[in-house]
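My numbering puts the sequence shown at residues 309 to 612.
The beta carbon of each residue, even a glycine, is placed where N, CA and C say it ideally should be.
Computed from a prediction, not measured in an experiment: that's the story for all the values here.
Below: one structure, written as structure tokens.
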Amino acid sequence: MSPKPGVRLFPDPIKGTLVDRPAKSSAVAADLDKKLEGFVPDHLAFNPHAPALEERFQRKAFFDPAAPLKRGQFMATTIFPPDQRRVFSDTSFPWCTVGRVDVTGGTGSGALVGPRHLLCASHMMTWNADNTVNQVTFTPSYFDGNAPFGNSGIIHWYAFRKVVGPILSGDDCQQDYVVLVLNNRLGDTCGWMGTRGYSDSWNGQSAWSHIGYPGDLTGAARPTFQGSIAINSTAGSDDPTDESLLQQADVWPGQSGGPFFGWWSGEPWPRVTGVQSAQNSSTNLAGGGNDIPILVNQARNDFP
């Protein structure tokens with residue numbers, strides 16, 4: 309509370325670590341596969357199926373990208389009809405590992421990838437000249453202002469690249485992710501997803517899912533899920549580690565930072581392989597590649 313009426317008080321900016329990418333990320337990432345597994349808490353219900361929305365929460369969408377338009381009517385969209393996003397209220401694992409990220413002047417999405425480690429988009433941060441970012445609040449399973457697991461600020465950040473929007477280059481998209489260290493260990497309660505480097509041998513497989521908080525369907529107040537997404541192609545310059553994952557998932561502002569994840573046989577948790585970054589009229593892009601597990605591993609080593 310402000311000591312004087314009408315005076316705004318803000319938390320101090322947060323210092324972080326800009327990390328140098330290793331020369332051969334693919335080999336390093338492969339060695340981290342076992343270490344960066346997910347975690348399923350015993351006290352939570354487990355639901356590997358698509359999350360559902362309780363009937364009491366159902367309502368008409370704020371925005372319909374497939375609605376027929378009369379002459380002289382317009383609707384700007386980067387959704388690829390039919391819109392396959394579905395609103396959900398499920399708080400079981402792993403759906404509770406994703407939440408809303410409140411940043412300076414807006415919101416985004418992010419996923420827990422460790423006991424106190426949040427993966428989201430670099431371009432969501434407010435990058436200050438003194439190598440700090442403005443404070444961030446993460447609320448897992450945020451829904452209409454409800455916070456069933458509480459929330460947390462951050463104490464440190466890790467990134468390969470400081471990405472500043474709104475216009476992003478190809479290099480920006482490839483490394484548009486950041487690992488934020490939370491001051492509360494929300495992962496002990498919510499669990500967390502594993503991470504894994506993306507391989508272009510998976511291109512064309514409808515094996516991926518995405519969760520985020522879109523501004524169009526739900527006003528960034530409710531999460532949406534989309535499954536059976538294919539990565540159509542990848543783009544990168546070397547190793548190839550700094551890959552953009554090109555796909556036609558249905559994405560709108562607010563979903564930035566949300567995870568692209570898949571399931572592997574024998575594992576009770578999904579693994580994140582990409583982070584929603586940007587879009588144009590023909591494709592959407594997620595930052596991915598083998599650098600993601602390397603960044604997550606450093607954050608978890610430095611802040612267990």
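{"Asked": "Neighbour-count burial assignment, Q620, 16 or more Cβ in a 10 Å radius", "Found": "No answer is possible for residue 620: the residues shown for the chain start at 309 and end at 612."}
{"Asked": "The stretch 460-476 in contact with the stretch 432-441 per 3-pair CB rule at 8 Å", "Found": "yes"}
{"Asked": "Of the residues A594, V580 and H518, the one placed nearest F347, counting alpha carbons only", "Found": "V580"}
{"Asked": "D489 vs R394 beta-carbon contact at 7 Å", "Found": "Strictly speaking, residue 489 in this sequence is Val, with Asp absent from that position. In this structure, R394 does not lie closer than 7 Å to V489 by Cβ."}
{"Asked": "Buried/exposed call for I475, threshold 16 Cβ in 10 Å", "Found": "exposed"}
{"Asked": "Range of the contiguous beta strand (DSSP E) that encloses V411", "Found": "V406 to V411"}
{"Asked": "Whole-angstrom distance between E345 and T503, CA atom to CA atom", "Found": "7 Å"}
{"Asked": "M432 versus S564 - alpha carbon distance", "Found": "8 Å"}
{"Asked": "Inter-residue spacing [alpha-carbon to alpha-carbon] between S333 and W403", "Found": "29 Å"}
{"Asked": "Residues near T497 by beta carbon distance below 6 Å, same chain, minus five either side", "Found": "F457"}
{"Asked": "Own chain, CB closer than 8 Å to Q265, minus 5 neighbours either side, in chain order", "Found": "This structure does not reach residue 265, given that the chain is present from 309 up to 612, and the question cannot be answered."}
{"Asked": "Contact under 7 Å by Cβ, A528 with G473", "Found": "no"}
{"Asked": "Sequence-distant residues of its chain with Cβ nearer than 6 Å to T399 (five each side left out)", "Found": "S449 and P456"}
{"Asked": "Where V471 sits in the DSSP three-state scheme", "Found": "coil"}
{"Asked": "Of the residues A360, A594, P601 and D479, the one placed nearest V336, counting alpha carbons only", "Found": "P601"}
{"Asked": "For Q587 and V327, believed in contact at Cβ under 8 Å, the rounded distance", "Found": "Actually they are not in contact, since the Cβ atoms of V327 and Q587 sit about 26 Å apart, beyond 8 Å."}
{"Asked": "Own chain, CB closer than 6 Å to D410, minus 5 neighbours either side, in chain order", "Found": "T445"}
{"Asked": "Which listed residue (S573, V487, G535 and F451) has its alpha carbon closest to that of I322", "Found": "V487"}
{"Asked": "Identity of the residue in Q534, S509, W560 and P567 nearest Q392 by Cα", "Found": "Q534"}
{"Asked": "Residue burial classification, L317 (beta-carbon count within 10 angstroms, cutoff 16)", "Found": "exposed"}
{"Asked": "Completely contained beta strand (DSSP E) runs for the stretch 421-474, where each covers 3 or more residues", "Found": "425-428, 445-448 and 462-467"}
{"Asked": "Inter-stretch contact (C-beta, 8 Å, three-pair minimum) for the stretch 567-579 and the stretch 515-522", "Found": "yes"}
{"Asked": "Candidates D320, A594, H351 and C428, of which the one nearest D479 by Cα", "Found": "A594"}
{"Asked": "Boundaries of the alpha helix (DSSP H) in which N609 is found, first to last residue", "Found": "D599 to D610"}
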